[in-house]
Amino acid sequence: AAKRFEFERAAKMRDTVKELRSKEFLFT
């Protein structure tokens, strides 16, 4: 269960980073 939680958290973080990067790319 813990491993699955870590995996989901990592996936969420990756999605957030992807969104931030795409926004930065649009703004620059």
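In our numbering, the protein residues as written are 736 to 763.
Even glycine gets a Cβ: it sits at the ideal position worked out from N, Cα and C.
Three-state class that DSSP yields for residue i in the structure shown
i    : result
A745 : helix
T751 : helix
A736 : coil
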